[in-house]
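Numbering (the working numbering), first residue to last: 857 to 959. Just so it is clear, CB atoms sit at the ideal spot from N, CA and C, and this is done for glycine as well. Note that the structure is a prediction, hence the values are computed from the model and not measured.
Put into structure tokens, the structure is as follows:
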């Protein structure tokens, strides 16, 4: 079992979060983070209502490497899944390298 941190709460982020929530054996804990907390809250409620599962949420600016590193260190995920905007790939990769988490 592993803890996953999902960055991005748009359409793809919602689908990825639901798919991870379906597989309890693989994803024991799920944390969803995005710049827009209200999107995370909406997905959190959907997962609770449809999957009967609680997930954690957080607000983050994925362009800010230091902020992302701090979130990664606080959450301590085994894996980060990036479904944020394409221009955020490099800052998120840099944060994962600095924090020592799989991307």
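With a threshold of 16 other CB atoms inside 10 Å of the CB of residue 922, please say whether the residue is buried or exposed. Here the question's residue 922 lines up with position 66 in the chain shown. Per the 10 Å Cβ criterion, exposed.
Terminal residues of the continuous alpha helix (DSSP H) containing residue 944? By 1-based counting over the chain shown, the position of residue 944 is 88. Annotation for residue 944: no alpha helix (DSSP H) segment contains it, and DSSP assigns it neither H nor E.
Can you give me the Cβ contacts of residue 917 inside the same chain, cut-off strictly under 7 Å, excluding the 5 residues immediately before and after it? Along the chain shown, read from residue 1 onward, the residue named residue 917 stands at position 61. So the qualifying residues of the chain are 891 and 923.
How far does the beta strand (DSSP E) with residue 923 in it extend, from its first residue to its last? Residue 923 sits at position 67 when you count from the first residue of the chain shown. Looking at the DSSP string, residue 923 is not in any beta strand (DSSP E); the run it does join, the alpha helix (DSSP H), is 921-931.
Under 8 Å Cβ to Cβ from residue 928, same chain only, skipping five residues before and after it: list those, please. Along the chain shown, read from residue 1 onward, the residue named residue 928 stands at position 72. Apart from sequence neighbours up to five positions away, the residues of its chain that approach residue 928 with a beta-carbon distance below 8 Å are 861, 936, 951, 952, 955 and 957, ordered along the chain.
For residue 883, count neighbouring C-beta atoms within 10 Å of its own C-beta (all shown protein chains included) and say buried if the count is 16 or more, exposed if not. Here residue 883 corresponds to residue number 27 of the chain shown, with the count starting at 1. Residue 883 should be labelled buried.
May I ask you to report which of helix, strand or coil DSSP gives residue 879? Here residue 879 refers to the residue found at position 23 of the chain shown. When DSSP states are grouped into helix, strand and coil, residue 879 belongs to the coil group.
Mark residue 867 as exposed unless 16 or more other C-beta atoms lie within 10 angstroms of its C-beta, in which case mark it buried. Numbered from 1 along the chain shown, position 11 holds the residue referred to as residue 867. Under this definition residue 867 is an exposed residue.
Check whether the Cβ atoms of residue 893 and residue 913 sit closer than 8 Å, and answer yes or no. Counted from its first residue, the chain shown places residue 893 at position 37. Counted from its first residue, the chain shown places residue 913 at position 57. Yes, Cβ-Cβ distance for residue 893 and residue 913 is below 8 Å.
Put residue 897 into one of helix, strand or coil per three-state DSSP. What you label residue 897 is simply residue 41 of the chain shown in a count that begins at 1. Helix, per DSSP.
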